[in-house]
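One structure is given below, encoded as structure tokens.
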Amino acid sequence: MKNLNRIIGSLILLTIFVTGCSFTQKEKTLTIPNNLKGNGLVVLCYHRVLPTWVLHWGKLFYPSESELSRYAISTKDFNKQLNYLKQQGVRFVTPQEAEDFLNGRKLFSGKLVLITFDDGDLSVYKHAFPVLKEKHIPFMLFFIAGQAGKEWEGFNMCTWNQLKEMVGSGLCTVGLHTYDLHYFDSQTKKPVFLLPDKEKLFAADTEKGINSFKKQLGIKVKYFAYPYGFGTPSTDRILIGHQIPYIFTLDSRVNHQGDPCFFIGRILVTPNSWQKVADWARYR
Numbered sequence: 199m200k201n202l203n204r205i206i207g208s209l210i211l212l213t214i215f216v217t218g219c220s221f222t223q224k225e226k227t228l229t230i231p232n233n234l235k236g237n238g239l240v241v242l243c244y245h246r247v248l249p250t251w252v253l254h255w256g257k258l259f260y261p262s263e264s265e266l267s268r269y270a271i272s273t274k275d276f277n278k279q280l281n282y283l284k285q286q287g288v289r290f291v292t293p294q295e296a297e298d299f300l301n302g303r304k305l306f307s308g309k310l311v312l313i314t315f316d317d318g319d320l321s322v323y324k325h326a327f328p329v330l331k332e333k334h335i336p337f338m339l340f341f342i343a344g345q346a347g348k349e350w351e352g353f354n355m356c357t358w359n360q361l362k363e364m365v366g367s368g369l370c371t372v373g374l375h376t377y378d379l380h381y382f383d384s385q386t387k388k389p390v391f392l393l394p395d396k397e398k399l400f401a402a403d404t405e406k407g408i409n410s411f412k413k414q415l416g417i418k419v420k421y422f423a424y425p426y427g428f429g430t431p432s433t434d435r436i437l438i439g440h441q442i443p444y445i446f447t448l449d450s451r452v453n454h455q456g457d458p459c460f461f462i463g464r465i466l467v468t469p470n471s472w473q474k475v476a477d478w479a480r481y482r
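Using the numbering used here, read the sequence shown as starting at 199 and increasing by one per residue.
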């Protein structure tokens, strides 16, 4: 009876977790990597790392939900992917090393990988961070600064203290994922910051994010990742004008020395895209 109650309780928690998510705003503009070849920098984009049993049962009960099938990965698979890349001789780099590589300040041979996370919900702190800390792998977290410690899209977000702990480990670098513009316009159904009359809103939001990072973490923002994958030349200029020169997209490709730092490609890790990444890492 105790085991049955435990199972029932777990399923109830799972239902609360999944049904509490809002899936309407998480669709990103995706490109599936078709031609990952040669040496260079691949930036991987993750969102949520969940206990294996949660993801397993979640996919059984909610097979059509992209929040589970596309944007979440189990701790088991996350471990496997990191181990596989390491076995293939891929070098995990810090954001600073990636920056130096793109600018030609440092020469790195072979294949490089930078691990990144978007949004900054609690699963990064609870499930991804321990794995990365154990393996001593650096990573970047693009955080929605205005949602710190709040519930957002059905997920509990990391607190500033949790961010400080991760940054204090020496492994985590925090970048901006807007202050609070990660949503669609209700009329046009497009990302609100991409609308032509919202440039002032985007500039003000960026300034809020910069100020919050300085106040809460004592850091200057250098890195930005667009919600939904891409920005515009106008938003690029606003970010660069705020001294944020490193702008990350979801253009699925290998980055090379000399590529523009305001259009850094990333690969959203899904079951389909991971196979492309694995093939890239394996082939010499």
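Yeah, the Cβ is synthetic: ideal placement off N, Cα and C, and Gly gets one too.
Exercise for the section: Take Asp457 and list the residues in its own chain whose beta-carbon comes closer than 7 Å to its own, dropping the five residues that flank it on each side. Expected result: Around Asp457: Leu300.
Problem - Same chain, Cβ closer than 8 Å to Gly407, five either side skipped, listed in chain order - result: If we look at Gly407 and ignore the five residues flanking it on each side, its Cβ neighbours are Ala343, Gly344, Leu374, Thr376, Tyr377, Val419.
Practice task
Answer yes or no: do Tyr421 and Gln360 have a C-beta to C-beta separation smaller than 9 Å?
Solution key: No, the pair does not count as a contact, with Cβ atoms beyond the cut-off.
Practice task
In angstroms with no decimal places, state the Cα-to-Cα distance between Asp275 and Asn354.
Solution key: So the alpha carbons of these two residues sit roughly 22 Å apart.
Practice task
Reducing DSSP to helix, strand and coil, say where Phe327 ends up.
Solution key: Looking at Phe327 - three-state DSSP - the assignment turns out to be helix.
Practice task
For the beta strand (DSSP E) containing Gly373, list its first residue and its last residue.
Solution key: Unbroken beta strand (DSSP E) run through Gly373: 370–374.
Practice task
Note down the Cα distance separating Val288 from Gly302, rounded to an integer number of angstroms.
Solution key: Taking the straight line joining both Cα atoms gives about 19 Å.
Exercise for the section: Pull up the distance between the alpha-carbon of Val252 and that of Ala401, whole angstroms please. Expected result: Straight-line measurement puts the Cα of Ala401 at about 39 Å from the Cα of Val252.
Problem - Sub-9 Å separation of Leu330 and Leu242 beta-carbons - result: No. Outside cutoff.
Handout entry: Val503 to Leu379 span [Cα, whole Å]
Key = It is not possible to answer for residue 503, since the shown part of the chain is limited to 199 through 482.
Exercise for the section: Report the three-state DSSP secondary structure of Pro431 (helix, strand or coil). Expected result: Helix, per DSSP.
Practice task
Could you tell me if Tyr269 is buried or exposed, where buried requires 16 or more neighbouring beta carbons within 10 angstroms of its beta carbon?
Solution key: Tyr269 comes out buried.
Exercise for the section: Compute the distance between the beta-carbons of Phe461 and Thr314, then report whether it is under 9 Å. Expected result: Cβ distance not < 9 Å, so Phe461 and Thr314 don't count as in contact.
Practice task
Locate the beta strand (DSSP E) running through Thr314, then write down its first and last residues.
Solution key: First-last of the beta strand (DSSP E) with Thr314: 309–317.
Handout entry: C-alpha distance - Ile335 paired with Leu466, whole-angstrom precision
Key = Whole-angstrom Cα-Cα distance: 19 Å.
Exercise for the section: Note down, in chain order, each residue of its chain lying with its Cβ closer than 6 Å to the Cβ of Asn201, except the 5 sequence neighbours on either side. Expected result: For Asn201, the predicted structure reports a pLDDT of 43, less than 50, and the residue's modelled location is therefore unreliable. A value from the coordinates is still provided. Nothing listed; no residue qualifies.
Problem - Distance CB(Ala476)-CB(Gln279) smaller than 9 Å - result: Less than 9 Å separates the beta-carbon of Ala476 from that of Gln279.
Problem - For Ile465: DSSP bridge partner residues - result: As DSSP reads the structure, Ile465 sits in a beta bridge with Leu242.
Problem - C-beta atoms of Lys235 and Val452 nearer than 9 Å - result: Going by C-beta atoms, Lys235 is nearer than 9 Å to Val452.
Exercise for the section: Could you spell out the range, first to last residue, of the alpha helix (DSSP H) harbouring Phe299? Expected result: Segment 293–301, the alpha helix (DSSP H) holding Phe299.
Practice task
Measure the CB-CB distance between Leu369 and Phe411 and report whether it falls below 9 Å.
Solution key: Not a contact, by the Cβ cut-off of 9 Å.
Exercise for the section: Return helix, strand or coil for Tyr426, following the three-state DSSP convention. Expected result: In the structure shown, the three-state DSSP call for Tyr426 is helix.
Problem - Exposed unless 16 or more other CB atoms sit within 10 angstroms - verdict on Ser471 - result: Its Cβ being crowded by 16 or more others within 10 Å, Ser471 is buried.
Problem - Beta-carbon separation (whole angstroms), Leu393 vs Asp383, contact threshold 8 Å - result: Sure, about 6 Å apart at Cβ, within 8 Å.
Exercise for the section: Reducing DSSP to helix, strand and coil, say where Ala476 ends up. Expected result: Helix, per DSSP.
Practice task
Could you pull out every unbroken beta strand (DSSP E) segment of at least 3 residues lying fully inside the segment 266–290, listed in chain order?
Solution key: Segments of the beta strand (DSSP E) lying fully in the segment 266–290: 270–272.
Handout entry: Contacting residues, own chain, Cβ-Cβ under 7 Å from Gly463 (five flanking each side not counted)
Key = Answer for Gly463: Val241, Thr447, Asp449, Ser450, Arg451, Asn453, listed in chain order.
Handout entry: Ile445, DSSP secondary structure in three states
Key = Under the three-state reduction of DSSP output, Ile445 falls in the strand class.
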